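Just so we're aligned, residue 97 is where the sequence shown starts under this note's numbering, counting upward by one.
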Amino acid sequence: MKTSLWFYPNKQKKSRKSGLTPIYVRILLHGKKAEGRLYDTELSDRDLHLWDAGTMRLRAKNHKTNKIINDVQADFDDFCVTNRKNFQAFTAMSIRDLLLGTGQKSQPTAIEYIDQYYATSILNNNNIAGSTKQCYQKAARHLKAFLQKYKKQHLLVRELSVTLAMQFKDYLLCETGDEFKRGMTEVSALGNIKKFRTIFDRAVDEGLLEKNPFKLVKLKNRSPQKPRLTTSQLRALYHLDLSKFPRLVPYRDLFLFSCFTGLAYEDAHNLSYADLVSLHGGEVKIYLPREKTDILTEVVLTKHAKGIIEKYRSHPENQVLMRALPQRSNQKINVQLKILSNMIELPFELKSHTGRHTFRQLLGEAGIAEMAVIKRMMGHNRTGDIDNVYYQLTEVKLLEAKQKLEAYLQRHL
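Structure (structure tokens):
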């Protein structure tokens, strides 16, 4: 069976810190390839100019890198002679491991690799939002539970397969008989699968895995339409008499504030007075990067939203914490919103995120159609929008949007 060995400088793996480029080994067998780093062979830019792609050596007779390459070449030649009648028992990856001295015991398990990746690349990365870190942890818990259920918790990274990835997809989507495990929607399952596409792409780059099997898992990536309040439903909630249920008032106010500003729970929860910018004419603008994506949000407050801010300004809790709104957990908010849903006889249960969807609906109904304005108010990314290069949004446009939204609320609430 034909097999071949190649050496080459992997410029894609050049170290940003040292500026050195490592030599990689490539094994071809049965039409498959496996690659790995040849340690102690890092080359400077000066040495790279001495590399001869034909001989796969440096044009420097006594260079240590040539000696290392020669040793690996000799080991490969010996292997081919010794196993010339037994090649079917080997794969490109197993030959690579023999040559590089990375036997099976040194291979990490899938669980170990996931934990290591999270600790080194996610946990202390300030560019990744806290909610995204939690999503990585949830995805890891799901895969660990799956491997535990099928007694594969010691599965090596190199043993990950398309079959196993497909089984994991089915595990996420289906009921398993476990009272604590419910089947997910395809969109939710895809969110977990995407995490492992990212994690095990690194394993492929490091030569621990030939291909990332999670890239072959196909799922729907569009969420079903989320409920949002109609104008009449919003009016019913806005005017709901809570004189006999005063404890529900802060929860209604928090939800209404999201309806009037589009802020997601985390952003509203962390909203401080420093995020409220005073403009001319007594106008007030929210100016903050979204917690989830770090994308800028700018919304000029309508009088309905300003009224909620002023209502809680003098509360001791808000003054101590320097927060603009009452501090309640998302879980507690959703529990109380369920009660409010029943009180106004909604055909669905309110969730804190329903307020953000309602806000987007209100923008359209108020006649706010300019996409650049909508994206800024929603905190959506304008990447890929060519107009973003030429057009900068001004406060004039935001004020116009505020006036339209306020006029619409005045007419319908």
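Cβ coordinates follow ideal geometry from the N, Cα and C atoms, glycine included.
It should be emphasised that the depicted structure is a prediction, and the values quoted were computed from it without experimental measurement.
- Message: Based on DSSP bridge pairs, tell me the residues matched to glutamate 394.
- Response: Tyr383
- Message: Report the CB separation of phenylalanine 172 from leucine 101 in whole angstroms; it is logged as a contact under 8 Å.
- Response: 5 Å
- What number of angstroms, rounded off, separates the C-alpha of leucine 209 from the C-alpha of serine 410? In the sequence on display, residue 209 carries tyrosine and not leucine. Going by the C-alpha atoms only, they are around 50 Å apart.
- Item | Spatially closest choice to arginine 293 from Arg122, Thr450, Leu375, Tyr213, by CA coordinates | Tyr213
- Sheet register partners of aspartate 522 (DSSP bridge): Examination of residue 522 is not possible in this model, given that the chain is present from 97 through 509 alone.
- Give the range of the alpha helix (DSSP H) segment to which phenylalanine 292 is assigned. 282 to 301
- Measure the alpha-carbon distance for glycine 378 versus leucine 495 and round it to whole angstroms. 12 Å
- Taking the Cβ atom as the reference point for each residue, do arginine 122 and tyrosine 104 lie within a distance shorter than 8 Å? yes
- Taking only the alpha-carbon atoms, compute the straight-line gap between asparagine 162 and aspartate 363 and give it to the nearest angstrom. 57 Å
- Which first and last residues belong to the alpha helix (DSSP H) in which aspartate 171 is found? 160 to 178
- Message: Out of Gly226, Lys128, Gln203, which one is the CA nearest neighbour of aspartate 390?
- Response: Gly226
- Task: Classify lysine 110 as helix, strand or coil using the three-state DSSP reduction.
- Result: coil
- Message: With DSSP as the reference, identify every bridge partner of leucine 252, one or two as the case may be.
- Response: Thr205
- Taking DSSP as the reference, what is the three-state secondary structure of isoleucine 470? helix
- Exposed or buried, valine 492, counting other C-beta atoms within 10 Å across all chains shown (16 or more means buried)? exposed
- Using the Cα positions of glutamate 255 and proline 323, report the straight-line distance between them to the nearest angstrom. 43 Å
- Range of the contiguous alpha helix (DSSP H) that encloses glycine 403: 399 to 409
- If you run the structure through DSSP and keep just helix, strand and coil, what is arginine 192? helix
- Query: Per DSSP, which one or two residues make a beta bridge with phenylalanine 186?
  - Reply: Looking at the DSSP assignment, phenylalanine 186 forms no beta bridge with any residue, so it has no partner.
- Query: What is the rounded straight-line gap between the Cα of arginine 424 and the Cα of asparagine 414?
  - Reply: 12 Å
- Query: When DSSP builds the beta bridges, which residues end up paired with lysine 129?
  - Reply: Leu124
- Item | Same chain only: Cβ atoms within 6 Å of glutamate 445, ignoring 5 sequence neighbours per side | Lys434, Ser437
- Task: Give a single yes or no on whether tyrosine 104 has its beta carbon closer than 7 Å to a heavy atom of the ligand SAM.
- Result: Of the ligands one can find in the structure shown there are none, so the ligand SAM has no counterpart to examine.
- Message: Measuring only the C-alpha atoms, how far is isoleucine 207 from phenylalanine 310?
- Response: 15 Å
- Task: Please work out which residues of its chain come closer than 8 Å, Cβ to Cβ, to leucine 367, disregarding the five sequence neighbours upstream and downstream, and give them in chain order.
- Result: Leu359, Ile382, Leu384, Arg419, Ala420, Leu421
- Message: Counting C-beta neighbours from all protein chains within 10 Å, is the total for aspartate 193 16 or more, i.e. buried, or is it exposed?
- Response: buried
- Query: Whole-angstrom Cβ separation of glutamate 394 and lysine 128, contact assumed at under 8 Å?
  - Reply: So it is not a contact: roughly 53 Å between Cβ atoms.
- Task: Using a threshold of 8 Å, state whether the C-beta atoms of threonine 357 and alanine 401 are closer than that.
- Result: yes
- Message: So tyrosine 120 and glutamate 131 are supposed to be a Cβ contact under 8 Å. How far apart are they, rounded?
- Response: 5 Å
- Item | Those residues which DSSP pairs with tyrosine 104 across a bridge | Tyr120
- Taking the DSSP output, what are the residues bridged to arginine 318? Answer is none; arginine 318 lacks a bridge partner.
- Task: Return the CA-CA distance between glycine 287 and methionine 262, expressed in angstroms with no decimal places.
- Result: 15 Å
- Message: Once DSSP output is grouped into helix, strand and coil, what is the label at valine 345?
- Response: helix
- Can you grab the Cα-Cα spacing for the pair leucine 312 / valine 258, in whole Å? 7 Å
- Less than 8 Å separating the beta-carbons of valine 55 and alanine 299? The first residue shown for the chain is 97 and the last is 509, placing residue 55 beyond what the model contains.
- Message: By the DSSP assignment, the beta strand (DSSP E) with valine 511 in it spans what residues?
- Response: Given a span of 97 to 509 for the chain in the structure shown, any question on residue 511 remains unanswerable.
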